[in-house]
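Below is one structure, written out as structure tokens, with a few remarks after it.
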Amino acid sequence: MPDSDTLAFADRPTGSVGLVTPHIAQFDTPLALACGKVLPEYELIYETYGTLNAERSNAVLICHALSGHHHAAGYHSQDDRKPGWWDDHIGPGKSIDTNRFFVVSLNNLGGCHGSTGPVSHNPETGRQWGPEFPIVTVSDWVASQARLADHLGIERWAAAVGGSLGGMQVLQWTITYPERVANAVVIAATPRLSAQNIAFNEVARQAIRSDPDFFGGWYAEHDTVPKRGLKLARMIGHITYLSEDAMGSKFGRDLRSDDLNFGFDVEFQVESYLRYQGDTFSTAFDANTYLLMTKALDYFDPASLADGDLAKALAPAQCPFLIVSFTTDWRFPPARSRELVDALTRAGKAVSYANIESPHGHDAFLLPDPRYQALFSAFMNRTARELGLEETR
Amino acid sequence: MRADLELIYDWVPQGAHVLDLACGDGALLESLARNKDVTGYGLEIDPDGITQCVARGVNVIEHNLDDGLASFCDHSYDQVIMTQALQALRRPDKMLDEMLRVANEGIITFPNFAYWRHRVYLGLRGYMPVSKSLPHAWYDTPNIHLSTFNDFEQLCREKGLVIVDRAVGVGERRGHWTSKWWPNLFGEIAIFRVRRR
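Right under this line is the structure:
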């Protein structure tokens, strides 16, 4: 039984899983990808929180979004300024209660945080994969996650949970491996990207690919990084994550100094914020991975494999669903979640849906909110009750 | 359970597929699912009601009934139930059409404005009635389309609907014998089961 990564952490904040250490799982069985290529071998980096019970029935899979990774909760060291990206929702007494559940959070294939991806070594060529890393899809990720489940001895997830692109992976799980998912939580997601969504992704990709430092994706061999492209891509992305109101109330038209300087340097606070976000991201994230992740988003469309009928695509699903959207999310608006809900009701599936009032746009799925947390907890508690899960600590 | 919900519980057949409009905390759907193998969904707009439904394991969908039922297919349910919501809708008549498009049978409950206590309030005292079934003041009430047993029966006649059952609820109890004979005067809550002809 895998041990919890959680160590005693003397002065950890209450509700935190504390100090965590990532693990790496190696897979030697080749993985056939949707694009037709085969990955001969690969590694997945993951973290776990909580304790797997003897029946191995309390495992919850966390699927990450576009720029996410395996570090969803807790701290890597006592000096970490910030906890994992979903720490507000994972931990003792939180929505995904680690006193009951054993949480598994991985970095997806093609990622740049430790799982095999463009920055990894390609055994066939002896160089970095770079732009030659095959384009992976949501289905490919789910197939690789299923192998991780096998590796951990988890037959069936008590719940598969994800926001945004993570929610799409959860949907795919219920279609590809319906018997391996006891519950599905799909937050701020969509059953397919709109033309506008794809358009934003394409602008982001063009920003990266047209950066002179991109070198057709071989920037590492030129000892450089297409920082300007990545920065622009992140700035564009960031605008779509926030709502107009959230930006307005956070920055308004505030200036950094008192007067206009009639130039093109940073003047408005919002410019400064976007540049800062872009700069930070451009040194922390891999450009080829960003390109891959946006493609996975664009390609996801389970209905297209079922005569355009989403209800038919979801027919294999067996588990109860919780679908959540946020009122000011204009990247994946509530109407997209509702489309999903309507397909599920047409297919006669167990589904609940809530549209949470929030000013934070798409980013709301990452943030704490009393109603969001109460609803999420209610669903997870019911899950624990139905599966007969007891506290493991 | 509320008195009107107990009556409705008896009217829902074993194994039915139902839609419960304004399902509140999901108590009716939960007991129907547990004891009568009933499946289906509740629609609700109140955040706390939605969370309570989820906690009970009742399928609930956040939905504003004034948006209609366009997302539900024709004849996709056995029954559509709507308790204590008709009077708060923008167009109760259109909702009735929608209910009987989606299902073969509709169960509807609403406060009877012609209940004798309401008549006393308005007729003798000259104030807008306030009661257990109509607890709000005139200026903040969500109940914008109040009606009576007679009004509802007239609407059903105009629409060519068949009234399969009619019952009366008074407060927390079922109706007194007087309300059975003179529901429009002694019935506080109107309860109808209707079908298309």
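If you read the protein sequences in the order shown, they are chains A and B. Each residue of the first sequence is one higher than the last, beginning at 1 in the UniProt record's numbering. Each residue of the second sequence is one higher than the last, beginning at 1 in the UniProt record's numbering. Glycine residues also receive a C-beta, built at the ideal position from the N, C-alpha and C atoms. Predicted model only: the values in this text are computed from it and were never measured.
Contact with chain A is absent for residue 104 of chain B, since none of that chain's Cβ atoms lies less than 8 Å from the residue's Cβ. Collapsing the DSSP output to three states places residue 128 of chain B in coil. Note that the C-beta distance between residue 60 of chain A and residue 186 of chain A is not below 8 Å. Only buried fits residue 4 of chain B, as 16 or more other CB atoms lie within 10 angstroms of its CB. For residue 17 of chain B, no alpha helix (DSSP H) segment is defined; the enclosing uninterrupted segment is the beta strand (DSSP E) at 17 to 21. With a contact defined as Cβ atoms closer than 8 Å, residue 80 of chain B and residue 162 of chain B miss out at about 15 Å. By the Cβ-count criterion, residue 235 of chain A is buried, with 16 or more other Cβ atoms from all chains shown falling within 10 Å of its own Cβ. Residue 72 of chain A and residue 148 of chain A have their alpha carbons spaced roughly 17 Å apart. Among the residues facing chain A, residue 35 of chain B is not included, as its CB has no counterpart in that chain under 8 Å away. Residues of the region 320 to 349 of chain A with a C-beta atom less than 8 Å from some C-beta of chain B are 320, 322, 338, 341, 342, 345, 346 and 348, listed in chain order.
Chain B has no Cβ within less than 8 Å of the Cβ of residue 268 of chain A. Beyond the five residues adjoining it in sequence on each side, residue 381 of chain A comes within less than 6 Å, by CB distance, of no other residue in the same chain. Our two residues, residue 136 of chain A and residue 152 of chain B, have alpha carbons roughly 59 Å apart in a direct line. The closest CA to that of residue 65 of chain B, considering only B/131, B/86, B/31 and B/137, is found on B/86. Contact with chain B is found for residue 379 of chain A, since one of that chain's Cβ atoms lies less than 8 Å from the residue's Cβ. Here the C-alpha atom of residue 298 of chain A lies approximately 33 Å from the C-alpha atom of residue 47 of chain B. Annotation: the region 233 to 261 of chain A contains the following complete segments of the alpha helix (DSSP H) (minimum length 4 residues), in chain order: 244 to 251.
Among the residues of chain A, none has a CB under 8 Å from the CB of residue 156 of chain B; the nearest is roughly 28 Å distant. For residue 167 of chain A, the closest C-alpha among the options A/150, A/318, A/141 and A/156 is that of A/141. Listed as beta-bridge partners of residue 97 of chain A by DSSP are A/91.
In the DSSP secondary-structure assignment, residue 181 of chain A is bridged to A/157.
Under the Cβ distance rule, residue 53 of chain B counts among the residues neighbouring chain A, one pair being separated by less than 8 Å. Of the candidates B/154, B/166, B/23 and B/149, the residue whose Cα lies closest to the Cα of residue 83 of chain B is B/23. Under the three-state reduction of DSSP output, residue 45 of chain A falls in the strand class. Contact between residue 328 of chain A and residue 245 of chain A holds: their C-beta atoms lie close to 6 Å from each other, under 8 Å. About 4 Å separates the beta carbon of residue 114 of chain B from that of residue 148 of chain B, a gap short enough to meet the 8 Å contact definition. Interface with chain B (8 Å Cβ-Cβ cutoff): residue 100 of chain A is excluded. At a cut-off of 8 Å between C-beta atoms, residue 73 of chain B counts as an interface residue with respect to chain A.
Straight-line spacing of the CA atoms in residue 263 of chain A and residue 209 of chain A works out to 28 Å. Residue-level contact check: residue 371 of chain A touches chain B, since one or more beta carbons of chain B fall below 8 Å from its beta carbon. With the criterion set as a beta carbon lying under 9 Å from some beta carbon of chain A, the members of the region 58 to 88 of chain B are 58, 59, 60, 61, 62, 63, 71, 72, 73 and 76, in sequence order. At a cut-off of 8 Å between beta-carbon atoms, residue 41 of chain B makes contact with chain A.
Residue 382 of chain A belongs to the set of residues whose beta carbon lies under 8 Å from a beta carbon in chain B.
Not flagged as an interface residue toward chain A: residue 92 of chain B, since no C-beta distance is shorter than 8 Å.
For residue 158 of chain A and residue 101 of chain B, the gap between their C-alpha atoms comes out near 38 Å.
Cβ-Cβ distances below 6 Å link residue 320 of chain A to 183 and 350 in the same chain, with the five nearest sequence neighbours on each side left out; the list follows chain order.
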